[in-house]
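Just so we're aligned: 12 in the numbering used here is position 12 of the sequence shown, and the numbers increase by one with no gaps anywhere.
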Amino acid sequence: MKTLYEQSNHDYNINEKKIELFSNQSRYLLILSSNKLLAFAHFRFDIDYGCRVLYLYELQVNKNYQGQGLGQWIIEQMKIFCQKTQMLKIVLTVHKVNKKAIDFYMKKCQFEIDASDPSDEPVDYVILSFTI
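So, in structure tokens, the structure goes:
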């Protein structure tokens with residue numbers, strides 16, 4: 001992730017990242033095998049432009065386990081969490097340089113560009129969402 005921040009216009013600030021990761025509002029879904037972390041999601045339940053959302057901060061899959069359906073399985077779990085907690089959509093932000101992630105979310109998981117995406121501004125990210 002740090003590499004993606006360095007390729008974007010956003011500085012990677014370790015202190016800000018720690019605050020984000022360890023917030024009492026943060027939630028995690030971990031996929032472990034023999035105590036080895038294969039994949040994880042970092043998310044929060046939030047209100048975004050007046051809408052109840054599950055905001056997906058990070059979804060990471062160990063390089064050795066990519067392409068095996070773990071990311072899609074995590075997204076399916078996020079959809080179930082939304083249904084059970086009455087969230088209306090999943091929202092996430094992706095750096096535009098992360099073409100692989102954009103393709104994953106839009107093609108494999110049917111996310112769309114969110115109405116809140118600032119596409120008319122010179123930004124280096126895109127906001128995607130999936131409506132439940």
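Every residue, glycine too, gets a C-beta built ideally from N, C-alpha and C. These numbers were taken from a predicted model, which means no experiment stands behind them.
| Asked | Found |
| --- | --- |
| According to DSSP, residues forming a beta bridge with S116 | Its beta-bridge partners do not exist; DSSP assigns none. |
| Distance, S33 Cα to K89 Cα | 30 Å |
| Classification of A115 by the beta-carbon crowding that lies within 10 angstroms, buried from 16 upward | exposed |
| Three-state class that DSSP yields for I80 in the structure shown | helix |
| For V126, the nearest candidate out of K108, I132, I102 (CA to CA) | I102 |
| Closest by C-alpha distance to Y55, when choosing among D46, I80, N15, K63 | D46 |
| Closest Cα partner of I31 within the set N24, S23, F40, K18 | F40 |
| Own chain, CB closer than 6 Å to N62, minus 5 neighbours either side, in chain order | L38 |
| Residue range of the beta strand (DSSP E) that includes L32 | 27-33 |
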